[in-house]
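Colleague: Residue numbers (numbering that gives the first Met the number 0): 0 to 142. Just so you know, even glycine gets a beta-carbon here, dropped at the ideal spot from N, CA and C.
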Amino acid sequence: MRSSYTTLMQSKYFNPAFNSAIFDGPVRIYFAQFHEALALKIYFLIQQKLGTEMVKAKEVSKASGANILVMIYPTADSFLLSFEGRENNLGPLEVEKWHEDVVIGLRGPVEDENLDLLIETLRLTMDTWRPAPLELSSAPAEL
């Protein structure tokens with residue numbers, strides 16, 4: 000992970016309610032334990048519907064150290080603390096680039112009808128994700 004967990008905890012995207020996570024290759028789902036059922040549903044939908052995209056995303060992540068962070072905010076208010084200026088956009092999610100990672104924030108627990116939007120957002124993100132590759136620190140310096 001190019002952005003370390005410590006860096007994430009100090010970022011505007013982290014919420015103290017996040018006390019659980021599911022890591023599947025490059026996709027990291029952060030949530031409060033009371034949203035575990037939703038997080039597991041998202042995880043299984045990714046497995047079922049994004050197999051090809053996950054293979055590509057794993058290669059991209061391995062080469063870059065970057066990840067896709069899905070943040071399930073406990074409330075709409077906690078979501079707005081991380082995505083300032085989005086008060087007028089009442090959509091169920093927002094996407095932002097953060098360093099080489101991508102953050103997908105859910106405006107509180109999403110309804111089942113919005114899960115398709117999340118999966119399509121993940122598909123598009125994985126298809127267009129182009130983080131910079133890690134620099135080879137072990138390569139000899141040029142003279």
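(1) Name the residue from L49, R122, L68 and F17 whose alpha carbon lies nearest to the alpha carbon of E35.
(2) Rounded to the nearest angstrom, how far is the Cβ of D111 from that of N66, given a contact under 8 Å?
(3) Going by Cα to Cα distance, which pick from L49, H98, S77 and L105 is closest to D126?
(4) Can you tell me which of the three DSSP states V54 falls into?
(5) Give me the Cα-Cα distance between L89 and T124, rounded to the nearest whole angstrom.
(6) Does the contact criterion of 3 or more C-beta pairs under 8 Å hold for the region 71-88 versus the region 9-26?
(7) Find the nearest neighbour of R106 within the set W97, K96, N87 and L39, judged by alpha-carbon distance.
(8) Cα-Cα, which of K61, G84 and Q32 is closest to A131?
(9) Mapping the DSSP letters down to three states, classify E35 as helix, strand or coil.
(10) Would you tell me roughly how many angstroms separate the C-alpha atoms of M0 and Y29, rounded to the nearest one?
Modeller: According to the structure shown:
(1) For E35, the nearest C-alpha among the options comes from F17.
(2) No, D111 and N66 are not in contact; Cβ-Cβ is about 26 Å, not under 8 Å.
(3) L49
(4) helix
(5) 20 Å
(6) Taking a contact to require three or more Cβ pairs closer than 8 Å, the region 71-88 and the region 9-26 qualify as touching.
(7) N87
(8) K61
(9) Residue state, collapsed to three classes: helix.
(10) For M0, the predicted model reports a pLDDT of 46, less than 50, meaning its position is unreliable; a value from the coordinates is still stated below. About 14 Å.
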